[in-house]
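Shown next, in structure tokens, is the structure this report addresses.
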Amino acid sequence: MFLKDKFYKVTKEDVSGTSATYTLAILPDCSVYDGHFPGNPVCPGVCNMQTILECAMMLTGKSLHYNTIKQCRLTAIATPEVCPEVMVSVSVDESNTILAEIKDSKQTYMTLKGTVQ
Amino acid sequence: MMVDELLCVNGDEAQCRLAVREDNFFLEEDGLIAEVGIIEHIAQSASAFAGYRAVEEDGATEPPVGYIGEVKNFHLTERPAVGDVLITTITMGPTVDGVTIISGECKKESGEPVADTRMKIYVP
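Chains P and Y supply the protein sequences, listed in that same order. Per this note's numbering, the first sequence runs over residues 8 to 124. Per this note's numbering, the second sequence runs over residues 298 to 421.
In structure tokens, the structure reads:
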């Protein structure tokens, strides 16, 4: 979990069986913003995808990797200013299908469907 | 940066190169690159290709900034390790309303497959 406590910090978790919702603080001082982009911090889409995977790891208690990503849609531009706090809803079923969404009270930033191993 | 070099451009195809080094942002504790690091490498390869086209063919003064709009049908074969050299082939599809569909195939220099995906890149 190389982004935990670096790119985001978990402030609340609500686990129910094979699904969970994690409330995260997006950390504005992460080094990723030095390059993405100078003077214009935008959360890299791939960091949001990795954040979803790390939430799935917290949910399952296992180290996971994406095997396939059937579809991941980036539906709004996320920045530490636009969304200092987000909610990640994630589920992993018995066939290792992962379904997830990142949103806040205003909008949805990412939806993802894939498989993990 | 997840691209070292744009190697060649041939019509709608281009190849980019990345050597995986120890200071890579996406390197995990097991010494291998995270899947999303490969996706970022493919996205930056497409961005390098688009930037080359904008500057060389359309006369832009600086390459445009692009965002990933969608990742579709990503398949991982093998995560690369420190010391591996990745060669990625980008095929650029049509652009509609600022959104370009690309496909990317990432292999090791030795020819072993790493991952492949399709992507929508959005240039505002």
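No residue lacks a Cβ here, since even glycine has one placed at the ideal position from N, Cα and C. Being a predicted model, the structure only gives us computed values, none of them experimental.
My output table needs one value for L315 (chain Y): the three-state DSSP class, helix, strand or coil.
In this structure, L315 (chain Y) counts as strand in the three-state DSSP scheme.
How about C54 (chain P) and L106 (chain P): are their beta carbons less than 8 Å apart?
No, these two residues do not count as a Cβ contact at 8 Å.
Exposure of T397 (chain Y), with buried meaning 16 or more beta-carbon neighbours within 10 Å:
By the neighbour-count criterion, in which 16 or more other beta carbons inside 10 Å mark a residue as buried, T397 (chain Y) falls on the buried side.
What are the residues that DSSP puts in a beta bridge with C403 (chain Y)?
C403 (chain Y) is bridged to Y:T385, Y:A412.
Proximal chain Y residues relative to I109 (chain P), where beta-carbon distance stays under 8 Å
Taking a Cβ-Cβ cut-off of 8 Å, I109 (chain P) has no neighbours in chain Y, whose nearest Cβ is about 14 Å from it.
Nearest by alpha-carbon distance to E319 (chain Y): which of Y:G401, Y:H372, Y:P421, Y:A378 is it?
Residue Y:A378 is the option with its Cα nearest to E319 (chain Y).
Which of the three DSSP states is assigned to N103 (chain P) in this structure?
Three-state result, N103 (chain P): coil.
What is the rounded straight-line gap between the Cα of E88 (chain P) and the Cα of L34 (chain P)?
In this model, E88 (chain P) and L34 (chain P) are separated by some 10 Å (Cα to Cα).
Please check if any C-beta of chain Y sits within less than 8 Å of the C-beta of K77 (chain P).
Proximity of K77 (chain P) to chain Y, defined by a Cβ-Cβ separation below 8 Å, is satisfied.
Under DSSP, the alpha helix (DSSP H) around H72 (chain P) begins and ends at which residues?
Per DSSP, H72 (chain P) belongs to no alpha helix (DSSP H) and is neither H nor E.
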